[in-house]
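Colleague: I have a structure I would like to understand better, so I am pasting it below and will then ask my questions one at a time.
Residue numbers (this note's numbering), protein chains in the order written: chain A, 1 to 77; chain B, 1001 to 1130.
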């Protein structure tokens, strides 16, 4: 992992076409501007972790058959 | 008829599961829920539902590059499904509106996307009738 120290209004470049700008630092928060092509996904890490955990919690296997009865309680609109 | 869909990026938390089949849960054709099972690991399955069947006004904006990745050619190619979590003890279901599954009927490819939309939660709770 590369560790960089920057002050506000400084930037760095990642790869050919990603630029990270440190816009403002105050109150323990840093405001970051990210310039990247549309096909590069930028997501807060905790959101991704939440989605991973939600998927893991949602797994059913043949032993969970008893819950399938719950699905019949919702009638098609 | 069951089709195998290819998820080149797998699912979040299950990046190595690349092939899924979608089947009915039972013979009840009125059941809006379907079973999404991994061909790579049959112990991993999910209950999925078309979100518009249980949530009004599920308006979402899917980025074009996501649609390109699964080779969607026209809007009719797209199927949107939400993974649900069933809780028997609470008599509730939790619908993942934040991170739907998108499928392309044209290419039989799919992926899970994360929406950049504050309105939608990963665990939207719906009480079930008794």
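All C-beta atoms, glycine included, are put in the ideal place defined by N, C-alpha and C.
1. Going along the chain, which residues of its own chain have a beta-carbon closer than 8 Å to the beta-carbon of residue 59/A, five neighbours each way excluded?
2. Quick one: residues in its chain with C-beta nearer than 8 Å to the C-beta of residue 1049/B, no 5 flanking neighbours on either side, listed in chain order?
3. Given this structure, state the Cα-to-Cα distance separating residue 1076/B from residue 1098/B, to the nearest angstrom.
4. Given a threshold of 16 other Cβ atoms within 10 Å of its Cβ, counted over all protein chains shown, does residue 1003/B qualify as buried or as exposed?
5. Alpha carbon to alpha carbon, what distance is there between residue 69/A and residue 1093/B?
6. Pop quiz: residue 24/A and residue 11/A are said to be a contact at Cβ under 8 Å. What is the actual Cβ separation, rounded to whole angstroms?
7. Report the three-state DSSP secondary structure of residue 1006/B (helix, strand or coil).
8. Mapping the DSSP letters down to three states, classify residue 1048/B as helix, strand or coil.
Modeller: Based on what the coordinates show:
1. Locating residue 59/A in the first chain gives position 59, where the first residue counts as 1. Excluding positions up to five away in sequence, the list is empty.
2. By 1-based counting over the second chain, the position of residue 1049/B is 49. Correct list, in chain order: 1032, 1033, 1034, 1081, 1082, 1084 and 1095.
3. The count along the second chain starts at 1 and reaches residue 1076/B at position 76. The count along the second chain starts at 1 and reaches residue 1098/B at position 98. Residue 1076/B and residue 1098/B: Cα-Cα distance of roughly 22 Å.
4. Residue mapping note: residue 1003/B aligns to position 3 of the second chain, counting from 1. Classified as exposed, residue 1003/B has fewer than 16 neighbouring CB atoms from the shown chains inside 10 Å of its CB.
5. Taking the first residue of the second chain as position 1, residue 1093/B is located at position 93. Taking the first residue of the first chain as position 1, residue 69/A is located at position 69. Cα to Cα, residue 1093/B sits roughly 12 Å from residue 69/A.
6. What you label residue 24/A is simply residue 24 of the first chain in a count that begins at 1. What you label residue 11/A is simply residue 11 of the first chain in a count that begins at 1. The beta-carbon separation of residue 24/A and residue 11/A, rounded to 13 Å, does not stay under the 8 Å limit for a contact.
7. As a first step, residue 1006/B is located in the second chain; it is residue number 6 there, counting from the start. Note: residue 1006/B maps to strand in three-state DSSP.
8. Counting from 1 along the second chain, the entry for residue 1048/B is found at position 48. Three-state result, residue 1048/B: strand.
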